[in-house]
Structures are given as structure tokens and as C-alpha cells.
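Numbering (the numbering used here), first residue to last: 8 to 377.
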């Protein structure tokens, strides 16, 4: 839609604001059937001279002004300034009845949308949705939309950042400094800062203090774990399948642990999968297979130490080559220096849907008490 905008108003708006105003105007006309009068601008407030686009519609016998604040990709903390500007710009008194504050964005998080609805502010995404309330009129359109440009996404579950996520989950909601988190995650303070800033945007993390007294804590561990699990199941880490005779299959893990303790293996390893999870959060009568997380490139050495034979079918031992977050926060069992993966890695490794892993994963999650 081509908009006729006064030259002075046009100069007061950026190209992005003009484009968004045009797309919003077209969406409003299409959704409401109201006629477009035009687009102008107004100052945020008497003190703040920045200009905001105003889309004016003819609704029966009344004109309504849609006051628009344009943002790009927004989480709750990003829209708070927009809310303040819109509330400052919208007139009070009788005139307020014919004004609708709106945020127009390339994308809005669910939390940002909820916050805007709570404050009585409409919102618009060109590829997704339109929401506004005015008198007895309600428009609430949700459509599938494109994912925001990847360049603007900050991946949380790769490399050292995944270590930070793991360390935060292990902190169990305690207040923690950046230096403490970096030590636990075995990574840099900068990497911790990047992850924490992204989590604050999503409001999964809270901050307190400033400078050297700045501390943060995880407040939405369940959401963070769910997001991690979604990424975890997409991975294709190297894994190999083997067989070894076990006189008592339900004691396979103990048998393997004894062999590893007597071997010359010095690289880190940990039991994971159903057998290890069943030790942490008992549910199944017994599990007669074992999964071992080992360092990349160590499969042959472990196979030799454990007297394993390759087995495409009928395997009872799986060697999974991984490092990084998978090796953090291992804990001992059987008091013999054998290792279980952390409870969070146990949970993630049960997301493959094999056998009764879904039930076992739920039991592990219950024990985590997120």
C-alpha cells in the first residue's frame, strides 16, 4: 500500500517506520473494513520530540488514530520502553477513546505479546499476527510466521555456551556471579555474559546489583531445559554399538565399571542412557544395556579395555563420542570412581524415544524438581 504522507512527516520517519506503517495500514483496513484516512506523525511527549507514526482510520462516524512504535525483534524488556513512549504519546481524557497504541515489530516473543496485552496495547507482525482492542472491536489474528533472521539469533546450545547453560541449570536457582559461573562452566566470562544477556532478554534469568556486585540467577529452568532438549534431539553425534557377555545382564554397568577401573583408560567418561538414569531415578525393574559417553576418537581404546565386539544387531553397549557439556558435573556411584553423567545429561539422552525412555525421562525430571 502506497501511503500519502506529508513531506515533513515523511522526513521525520525512517524508511523502516514508513514501511511498517504502510504494512500495518493495509492489515488494519483488511481486518476491520475501516477506511484509511492517512498517515501522520506526533511527538512522543512535550519533552521527547522524537516522532511516532500515526495511522488514521475512518470507523463509521468516528476517526481513530493508531499510534505506532516500531521495533525489530523484541522480548519483554525490549518493549517496555516502547510501552512508556506510547503511553506518553497517547492523549488523556475524552480524546484517548479514539486512540490506539500499537507496537509493530518484525517479531515479538510470546512474553512480549503477553505484556502488551496486559497494558492494553495492540501489536502487529507483518508475517504473523495483528492484535488490538478498541471499544467493542477486537482483532486477534495469529498466523504462522517466518523465523527471524538467523543472524539475529544467539545460539545457546553450541560449544562453550552449552557449558554455561549446563552450569546455570546445576546452580539450582542460586544467585551467582559471572566469575563463579565461568569457573563452574570451565569457560570465559565473556561467553557467560553472552548467554546471560540472551537469557535476560527471554526473562529466564534475573539480575541483581551492578559491576562487581552483579549477580544473576536462573528463574525458568524448565523452559531452558525444554529448549535444550529440542536442540539435543537434532544432533547426530558419533555412536557405535558393541556386545560383551554379561553373566548377569542387570549388572552390566557394574561389570563395565570394574573393567574400566582396572584398565589404563585416562580420558574422561560417564555412564548415561536408561541404565544410568534408572540408577538416579529408579523406575524400571532392570536395564540390560549400557551407554557410555566418551571423548571423541576414543571408541577403539574403550572397546579394547572393555573387551567389546562390534555388533550391528543384538548390541548391549553403546559408545557415544562427545565432549564439552556432556562431561561436566559427572558424579560418582558405587563408591568406586565410576561416573554417571549429570542428571541433566541423563534427561537429555532419554529424549530419543527408545523403549520406556519417555517414562524414565519424566521420572528424572520429577526428581530434578525444576
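Don't be surprised by glycine CBs; every beta carbon is placed ideally from N, CA and C. Treat the numbers as computed from the prediction; the structure is a model and nothing was measured.
Fewer than three pairs of CB atoms, one per stretch, sit closer than 8 Å, so the segment 132-150 makes no contact with the segment 166-176. In the assembly as shown, residue 314 is an exposed residue. Its beta-carbon has fewer than 16 other beta-carbons within 10 Å. Buried is the label assigned to residue 191, since at least 16 other Cβ atoms lie within 10 Å of its Cβ. Put simply, the backbone Cα of residue 355 is about 19 Å away from that of residue 247.
Residue nearest to residue 129 within the set 135, 121, 139 and 194 is 139 (criterion: CA-CA distance).
Inter-segment contact for the segment 200-220 and the segment 238-258 is absent: fewer than three beta-carbon pairs are separated by less than 8 Å. A distance below 8 Å separates the beta carbons of residue 79 and residue 113. Between residue 249 and residue 357, the C-beta spacing is not below 8 Å. When secondary structure is reduced to three states using DSSP, residue 355 falls in the helix class. Residue environment: residue 199 is assigned as buried (16 or more neighbouring CB atoms within 10 Å of its CB, all protein chains considered).
By alpha-carbon distance to residue 45, the top candidate from 24, 51, 57 and 61 is 61. When DSSP states are grouped into helix, strand and coil, residue 278 belongs to the strand group.
Taking 8 Å as the cut-off, the Cβ atoms of residue 228 and residue 176 count as close.
When only Cα atoms are considered, residue 48 and residue 234 end up about 41 Å apart. In this structure, residue 107 sits away from residue 146, with a CB-CB distance that is not shorter than 8 Å. A distance below 8 Å separates the beta carbons of residue 74 and residue 109. Taking one beta carbon from each stretch, the segment 83-94 and the segment 28-42 have fewer than 3 pairs nearer than 8 Å; the two do not touch.
Close CB contacts of residue 93 within its chain, under the 7 Å cut and outside five residues either way in sequence, are with 74, 76, 108 and 128 (chain order). Each residue's CA atom was taken as its position, placing residue 316 and residue 308 some 12 Å apart.
For residue 285, the three-state secondary structure derived from DSSP is helix.
From the listed residues 111, 105 and 50, the smallest Cα separation to residue 25 is found for 111.
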